[in-house]
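Asks: Attaching a single structure in structure tokens format; questions to follow.
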Amino acid sequence: MEQRTASRVELIIAGLGGMGVLVAGHLLASAGLSSHKHVSWMPTYGEARRGGLSECTVILSQDEIASPILDVAGAILMLDSSQIKAFEQRVRPGGMMIVETAGLKENLDREDIEVIPVSGMEMAMEFGSLQTANLIMLGTYMELAKPLSLQLIEKEIQRRYSGEVLERNTKAFRAGLELGRALAAT
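Here the sequence shown is numbered in numbering that gives the first Met the number 0, starting from 0 and rising by one per residue.
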């Protein structure tokens with residue numbers, strides 16, 4: 000069954016350096032090159048590469064992209080919940096924020112967005128590597144938002160990785176897809 004592709008996708012991915020924020024964004028942007036005429040991937044990170052705030056914006060569009068900078072987006076993927084309040088206002092009304100539950104202490108004040116808690120780190124431990132949490136979270140986003148064909152992301156994962164890492168990353172991404180399906184059904 001052919002999956003429909005959104006004409007414009009805007010996503011902010013945020014977390015801490017070393018969590019795979021930039022990798023997840025680059026995977027989506029690279030996969031989007033096959034389905035969209037214009038693609039933007041803009042990483043932003045502090046001086047401390049590991050442990051410092053890290054963010055990237057991904058824009059996939061059939062029309063020209065005026066700027067890679069997104070003040071607000073339809074979706075935000077939070078790989079670290081400690082910054083949830085800082086990013087709350089960057090979700091468009093009616094948008095979604097997928098949030099890692101590990102360390103989640105605050106509730107959001109907004110009622111005009113959908114907040115989706117995901118235990119990405121806990122699930123990643125089942126694969127023996129916390130480094131797969133970003134792919135679990137990306138898979139959940141892909142299933143819920145359906146920005147482009149899931150096969151395009153899987154092809155990009157296959158292009159980048161091999162051996163045990165490919166197997167583990169593919170399983171993690173698919174686990175995120177399954178979680179997204181379960182969340183969509185509730």
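All C-beta atoms, glycine included, are put in the ideal place defined by N, C-alpha and C.
Could you please give the first and the last residue of the uninterrupted beta strand (DSSP E) stretch that includes His37?
Replies: From DSSP, the beta strand (DSSP E) with His37 extends over 37-44.
Asks: Using the Cα positions of Ile83 and Glu63, report the straight-line distance between them to the nearest angstrom.
Replies: Each residue's alpha carbon lies about 30 Å from the other.
Asks: Determine the burial state of Ala184: buried for a count of at least 16 other Cβ atoms within 10 Å of its Cβ, exposed for fewer.
Replies: Under this definition Ala184 is an exposed residue.
Asks: Can you round the beta-carbon distance between Ser81 and Val98 to whole angstroms, since I take them to be within the 8 Å contact cut?
Replies: About 11 Å separates the two Cβ atoms, so there is no contact after all.
Asks: Alpha carbon to alpha carbon, how far is Gly175 from Asp108? Give it in angstroms, no decimals.
Replies: Computed Cα separation, rounded: 26 Å.
Asks: Considering only residues of the same chain and omitting the five flanking positions on each side of Ser33, which have a CB-CB separation below 7 Å?
Replies: Closer than 7 Å at Cβ, skipping near neighbours: Leu151.
Asks: Which residues in the same chain have their Cβ closer than 8 Å to the Cβ of Leu103, if we skip the five residues on either side of it in sequence?
Replies: For Leu103, where only same-chain residues beyond five positions count, the Cβ hits under 8 Å are Ser80, Ile83, Pro116.
Asks: Which runs of the alpha helix (DSSP H), 4 residues or longer, sit entirely within the region 62-93?
Replies: DSSP runs (the alpha helix (DSSP H)) wholly in the region 62-93: 83-87.
Asks: Is the distance from the Cβ of Leu10 to the Cβ of Ala74 below 7 Å?
Replies: Contact flag set, yes.
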